[in-house]
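Q:
Protein chains: 2
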Amino acid sequence: MDRPIGVIDSGVGGLTVARELMRQLPKEQLIYLGDTVRCPYGPRPKEEVVRFTTEMVTFLMEKQIKMLVIACNTATAFTLDYLREKLTIPVIGVIDPGARAAIKVTETKAIGVIGTEGTIKSQAYPEALKQISAGLNIYDLACPQFVPLVESGHFSSEAAEQVVETSLEPLKRHKELDTLILGCTHYPLLTDWIQKAMGEHVSIISSGEETAREVSAIMSYQKIACDGKRIPDHQFYTTGSPILFEQIANRWMDYPVNTVEQIVIDQT
Amino acid sequence: MDRPIGVIDSGVGGLTVARELMRQLPKEQLIYLGDTVRCPYGPRPKEEVVRFTTEMVTFLMEKQIKMLVIACNTATAFTLDYLREKLTIPVIGVIDPGARAAIKVTETKAIGVIGTEGTIKSQAYPEALKQISAGLNIYDLACPQFVPLVESGHFSSEAAEQVVETSLEPLKRHKELDTLILGCTHYPLLTDWIQKAMGEHVSIISSGEETAREVSAIMSYQKIACDGKRIPDHQFYTTGSPILFEQIANRWMDYPVNTVEQIVIDQT
Numbered sequence: 131m132d133r134p135i136g137v138i139d140s141g142v143g144g145l146t147v148a149r150e151l152m153r154q155l156p157k158e159q160l161i162y163l164g165d166t167v168r169c170p171y172g173p174r175p176k177e178e179v180v181r182f183t184t185e186m187v188t189f190l191m192e193k194q195i196k197m198l199v200i201a202c203n204t205a206t207a208f209t210l211d212y213l214r215e216k217l218t219i220p221v222i223g224v225i226d227p228g229a230r231a232a233i234k235v236t237e238t239k240a241i242g243v244i245g246t247e248g249t250i251k252s253q254a255y256p257e258a259l260k261q262i263s264a265g266l267n268i269y270d271l272a273c274p275q276f277v278p279l280v281e282s283g284h285f286s287s288e289a290a291e292q293v294v295e296t297s298l299e300p301l302k303r304h305k306e307l308d309t310l311i312l313g314c315t316h317y318p319l320l321t322d323w324i325q326k327a328m329g330e331h332v333s334i335i336s337s338g339e340e341t342a343r344e345v346s347a348i349m350s351y352q353k354i355a356c357d358g359k360r361i362p363d364h365q366f367y368t369t370g371s372p373i374l375f376e377q378i379a380n381r382w383m384d385y386p387v388n389t390v391e392q393i394v395i396d397q398t
Numbered sequence: 131m132d133r134p135i136g137v138i139d140s141g142v143g144g145l146t147v148a149r150e151l152m153r154q155l156p157k158e159q160l161i162y163l164g165d166t167v168r169c170p171y172g173p174r175p176k177e178e179v180v181r182f183t184t185e186m187v188t189f190l191m192e193k194q195i196k197m198l199v200i201a202c203n204t205a206t207a208f209t210l211d212y213l214r215e216k217l218t219i220p221v222i223g224v225i226d227p228g229a230r231a232a233i234k235v236t237e238t239k240a241i242g243v244i245g246t247e248g249t250i251k252s253q254a255y256p257e258a259l260k261q262i263s264a265g266l267n268i269y270d271l272a273c274p275q276f277v278p279l280v281e282s283g284h285f286s287s288e289a290a291e292q293v294v295e296t297s298l299e300p301l302k303r304h305k306e307l308d309t310l311i312l313g314c315t316h317y318p319l320l321t322d323w324i325q326k327a328m329g330e331h332v333s334i335i336s337s338g339e340e341t342a343r344e345v346s347a348i349m350s351y352q353k354i355a356c357d358g359k360r361i362p363d364h365q366f367y368t369t370g371s372p373i374l375f376e377q378i379a380n381r382w383m384d385y386p387v388n389t390v391e392q393i394v395i396d397q398t
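Protein sequence lines, in the order shown, are assigned to chains S and B.
Everything in the first sequence is counted per this note's numbering, starting at 131 for the first residue and increasing by one.
Everything in the second sequence is counted per this note's numbering, starting at 131 for the first residue and increasing by one.
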């Protein structure tokens, strides 16, 4: 099936998911939409996140997507069930794949989760983890400074290292913790600092990589994978500055991103 | 949903998948059926593998399973599409999950696949890999001695090390190979020898571990996961010797396997 896969995020964070989708599913075409102008979603109330996400989905549905990937943890926490009910195409979020990967990897059964305030308050990760497995010790922590850091483009700086180090202090107290879920798709851009702060013994789970595999599994199960007759021509849209989006995208992606289009979302 | 997950294999190899299902999905109940008396499936013609597998599935369908896991690569290669058409419950094989995991892991894009003669001749892995990705170099190799070695229970012996070492010689010539798919669920019982023979730089992909995650993903997607109100009481059946089955199962599984029931399969 030659229709594209739609990917939405509150900003550039979902590019970590898109990058993995391109790497693991090189035949599939993507349409990416980042809501940079209203980013971050993390501190917003649920109603607002639902409304913003629905507006983004309406834009992508008009592009005839065959599958929707909610590449934003906050939006997944607040809208996954609702969108699965509402849409006829498969909808994949980033929370379950991250939870499953953590359960596979942990040996001590002590799992850390970091995310935005919205994601952490929603308790979506502890719920997903407990629904699948039992006897887990889960330590979660909101890191509200991380998304603005990434969206500003300063994620490689020494200042970023300091912010990460200080933010993760409370988690480092739990010595038995051997697995940390990056419960926000912006956070993989800070992986080096996060790994350094937590120590080499902690496995870092990037929901992006995990989600790409589940997208592949569900497409194969639903028989909607692309037949691969042409080279995909990915499209990128943002509600914010296309220049900043392009700069971050080209530092992060292996695919040259040079035609980012700015759009105005229809307010419902 | 409290109905069990059915798992079939030509013998004890599928226990490597069952073990991972128990570890990653501790709330789900399993019914395992190993066709030990007719093992190995690897050298048999397709028609025979289809007939044997269908007979096993009929037995499990009477047990009201909610999902079928074909924990045998040969049976997956020959019957997955057919069973997906025929059954109304979800059917998961071990080939796609293994292929997806290898694509995620490889950096050199040079992937090895070892399996039974049937699996290797079917070209199911190269096809699955190429359907998902492009530009891969795939080196496959039939290892017909491995399954009898495992079913005999002598998989930890020095003789086993020697057999593995010699069998894998042809693959070791491909220096760029960085990922090896164990394309047979019996082979994880030989992992230590396989890793030693191939070298530490080669990532070994066990289809069992990978399949367990896809089972979890499809169950969540289909909303048929167990609600976890009771402790699962797994059932094990074999068409061969229950004593040998029990011995191997208890060396391999974390779950005590002490009530293996021998059954006679209705020949269709």
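Glycine included, each C-beta is placed from N, C-alpha and C at the ideal position.
This one's a predicted model, so the numbers in the text were calculated from it and none came from an experiment.
Output yes or no for whether 8 Å exceeds the beta carbon distance between isoleucine 222 of chain B and valine 142 of chain B.
A: Along the second sequence, one-based indexing puts residue 222 of chain B at 92. Along the second sequence, one-based indexing puts residue 142 of chain B at 12. Cβ atoms of isoleucine 222 of chain B and valine 142 of chain B: not closer than 8 Å.
Q: State the beta-bridge partners of asparagine 267 of chain B as determined by DSSP.
A: Translated into positions along the second sequence, residue 267 of chain B becomes position 137. DSSP lists B:Ala240 as partners of asparagine 267 of chain B.
Q: Run down chain S in chain order and give the residues with a C-beta less than 9 Å from the C-beta of leucine 155 of chain B.
A: Here residue 155 of chain B is taken as the residue at index 25 of the second sequence, counted from 1. Neighbours of leucine 155 of chain B on chain S, chain order: Ile233, Ile262 and Ser263.
Q: Using a Cβ-Cβ cutoff of 8 Å, what residues of the region 346–379 of chain S are near chain B? List them in chain order.
A: Residues passing the 8 Å Cβ filter: Ser346, Ala347, Ile348, Ser350, Tyr351, Ala355 and Gly358.
Q: Taking only the alpha-carbon atoms, compute the straight-line gap between glutamate 339 of chain S and valine 235 of chain S and give it to the nearest angstrom.
A: The count along the first sequence starts at 1 and reaches residue 339 of chain S at position 209. The count along the first sequence starts at 1 and reaches residue 235 of chain S at position 105. So the alpha carbons of these two residues sit roughly 14 Å apart.
Q: Among B:Tyr171, B:Leu190, B:Val180 and B:Gly144, whose alpha-carbon lies nearest the alpha-carbon of isoleucine 135 of chain B?
A: Walking along the second sequence from the start, residue 135 of chain B turns up at place 5. When only C-alpha atoms are compared, the closest one is B:Leu190.
Q: Consult DSSP for tyrosine 212 of chain B and reduce its assignment to one of helix, strand or coil.
A: Start at 1 with the first residue of the second sequence, and residue 212 of chain B comes out as number 82. Tyrosine 212 of chain B falls in the helix class under three-state DSSP.
Q: To the nearest angstrom, how far is the alpha carbon of proline 362 of chain B from that of lysine 157 of chain B?
A: For the purposes of this step, residue 362 of chain B is taken as residue 232 along the second sequence, with counting starting at 1. For the purposes of this step, residue 157 of chain B is taken as residue 27 along the second sequence, with counting starting at 1. About 6 Å.
Q: Could you tell me the distance, in whole angstroms, from the CA atom of cysteine 273 of chain S to the CA atom of valine 243 of chain S?
A: Within the first sequence, the letter at position 143 stands for residue 273 of chain S. Within the first sequence, the letter at position 113 stands for residue 243 of chain S. Each residue's alpha carbon lies about 10 Å from the other.
Q: Mark glutamine 194 of chain S as exposed unless 16 or more other C-beta atoms lie within 10 angstroms of its C-beta, in which case mark it buried.
A: Counting from one through the first sequence, the residue named residue 194 of chain S turns up at place 64. With fewer than 16 Cβ atoms within 10 Å of its Cβ, glutamine 194 of chain S is classed as exposed.
Q: Below 7 Å on C-beta distance, what does aspartate 384 of chain S contact in chain B?
A: The residue given as residue 384 of chain S occupies position 254 in the first sequence. Residues of chain B passing the Cβ test: none, with the nearest at roughly 12 Å.
Q: Flag this pair as touching only if the region 245–264 of chain S and the region 280–297 of chain S have three or more C-beta atom pairs under 8 Å; answer yes or no.
A: With a cut-off of 8 Å, the region 280–297 of chain S and the region 245–264 of chain S do not count as touching, because too few Cβ pairs lie within range.
Q: Using only alpha-carbon positions, find the residue among B:Ala379, B:Val387, B:Thr368 and B:Gln352 that is nearest to lysine 196 of chain B.
A: Taking the first residue of the second sequence as 1, we reach residue 196 of chain B at position 66. The shortest C-alpha separation from lysine 196 of chain B is found at B:Gln352.
Q: Taking buried to mean at least 16 other C-beta atoms within 10 Å of its own C-beta, is serine 282 of chain B buried or exposed?
A: As a working note, residue 282 of chain B is residue 152 in the second sequence. Flag for serine 282 of chain B reads exposed.
Q: Cβ closer than 7 Å: which chain S residues qualify as neighbours of glutamate 344 of chain B?
A: By one-based count along the second sequence, residue 344 of chain B stands at place 214. Those are Ala347, listed as they occur along chain S.
Q: Do tyrosine 162 of chain B and glycine 248 of chain B count as a contact pair if the criterion is CB distance below 8 Å?
A: Here residue 248 of chain B refers to the residue found at position 118 of the second sequence. Here residue 162 of chain B refers to the residue found at position 32 of the second sequence. No. Outside cutoff.
Q: Whose CA, out of S:Gly265, S:Val224 and S:Gln275, lies closest to the CA of leucine 198 of chain S?
A: Within the first sequence, residue 198 of chain S is the residue found at index 68, counting from 1. Checking every option, the nearest Cα to that of leucine 198 of chain S belongs to S:Val224.
Q: With distances taken between CB atoms, is the gap from glutamate 237 of chain B to aspartate 308 of chain B smaller than 8 Å?
A: Along the second sequence, read from residue 1 onward, the residue named residue 237 of chain B stands at position 107. Along the second sequence, read from residue 1 onward, the residue named residue 308 of chain B stands at position 178. Cβ distance < 8 Å, so glutamate 237 of chain B and aspartate 308 of chain B count as in contact.
Q: Could you check if glutamate 192 of chain B is buried or exposed, using at least 16 other CB atoms within 10 Å of its CB as the buried criterion?
A: Stepping through the second sequence from its first residue, residue 192 of chain B is reached at position 62. Glutamate 192 of chain B should be labelled exposed.
Q: What are the start and end residues of the alpha helix (DSSP H) that includes leucine 145 of chain B?
A: As a working mapping, residue 145 of chain B is identified with position 15 in the second sequence. That run of the alpha helix (DSSP H) goes 145–154.
Q: Count the other C-beta atoms from every protein chain shown that fall within 10 angstroms of the C-beta of isoleucine 373 of chain S, then say buried if there are 16 or more, exposed otherwise.
A: Here residue 373 of chain S refers to the residue found at position 243 when the first sequence is read from its first residue. Answer is exposed; the Cβ neighbour count stays below 16.
Q: So if I threshold CB-CB distances at 8 Å, which residues from the region 331–343 of chain S count as touching chain B?
A: Residues Glu339, Ala342 and Arg343.
Q: Which runs of the beta strand (DSSP E), 3 residues or longer, sit entirely within the region 279–331 of chain B?
A: Entirely contained in the region 279–331 of chain B, the beta strand (DSSP E) runs reaching 3 residues are, in chain order, 309–312.
Q: Leaving out five residues before and five after isoleucine 128 of chain B in sequence, what residues of the same chain have Cβ atoms less than 6 Å from its Cβ?
A: Here chain B has residues from 131 to 398 only, and residue 128 of chain B is not among them.
Q: How should tyrosine 212 of chain S be labelled, buried or exposed, when 16 other C-beta atoms within 10 angstroms of its C-beta is the threshold for buried?
A: Walking along the first sequence from the start, residue 212 of chain S turns up at place 82. Tyrosine 212 of chain S should be labelled exposed.
Q: If you measure from the beta carbon of arginine 168 of chain B to each beta carbon in chain S, is any gap under 8 Å?
A: The residue given as residue 168 of chain B occupies position 38 in the second sequence. False, the Cβ-Cβ gap to chain S never drops below 8 Å.
Q: Just tell me which of S:Leu160, S:Ala355 and S:Met152 has its CA closest to the CA of histidine 364 of chain S.
A: Here residue 364 of chain S corresponds to residue number 234 of the first sequence, with the count starting at 1. When each option's Cα is compared against that of histidine 364 of chain S, the closest is S:Leu160.
Q: Between which residues of its own chain and valine 180 of chain B is the CB-CB distance below 8 Å, once the five residues before and five after are set aside?
A: Position 50 of the second sequence, counted from the first residue, corresponds to residue 180 of chain B. Taken in chain order, the residues that qualify are Phe208, Thr209 and Tyr212.
Q: Output needed for asparagine 380 of chain S: all residues of its chain with C-beta closer than 8 Å, excluding positions within five of it in sequence on either side, in chain order.
A: Position 250 of the first sequence, counting from 1, holds the residue named residue 380 of chain S. So the list reads Pro386, Val387 and Asn388, once near-sequence residues are dropped.
Q: So what's threonine 184 of chain S in DSSP terms, helix, strand or just coil?
A: Translated into positions along the first sequence, residue 184 of chain S becomes position 54. Threonine 184 of chain S: helix per DSSP, three-state reduction.
Q: If you check the beta carbons only, do isoleucine 354 of chain S and methionine 131 of chain S fall under 8 Å apart?
A: As a position in the first sequence, residue 354 of chain S is number 224, starting the count at 1. As a position in the first sequence, residue 131 of chain S is number 1, starting the count at 1. In contact: isoleucine 354 of chain S and methionine 131 of chain S (Cβ atoms closer than 8 Å).
Q: Using the DSSP secondary-structure output, state which residues sit across from isoleucine 200 of chain B in a beta bridge.
A: Taking the second sequence and counting its residues from 1, the one referred to as residue 200 of chain B is at position 70. According to DSSP, isoleucine 200 of chain B bridges with B:Ile138.
Q: Hey, out of S:Cys169, S:Thr246 and S:Leu155, whose CA is closest to aspartate 357 of chain S's CA?
A: Mapped onto the first sequence, residue 357 of chain S falls at position 227. Answer by Cα proximity: S:Leu155.
Q: Using a Cβ-based criterion (distance less than 7 Å to any ligand heavy atom), does isoleucine 161 of chain B qualify as near the ligand GDP?
A: Of the ligands one can find in the structure shown there are none, so the ligand GDP has no counterpart to examine.
Q: Under 8 Å by Cβ, that's how I've got asparagine 267 of chain B and lysine 302 of chain B pegged, so tell me the actual separation to the nearest angstrom.
A: As a position in the second sequence, residue 267 of chain B is number 137, starting the count at 1. As a position in the second sequence, residue 302 of chain B is number 172, starting the count at 1. Not confirmed; about 15 Å, so no contact.
Q: Strictly under 8 Å for the Cβ-Cβ distance: is arginine 230 of chain B near chain S by that measure?
A: Here the question's residue 230 of chain B lines up with position 100 in the second sequence. Yes, arginine 230 of chain B counts as interfacial toward chain S.
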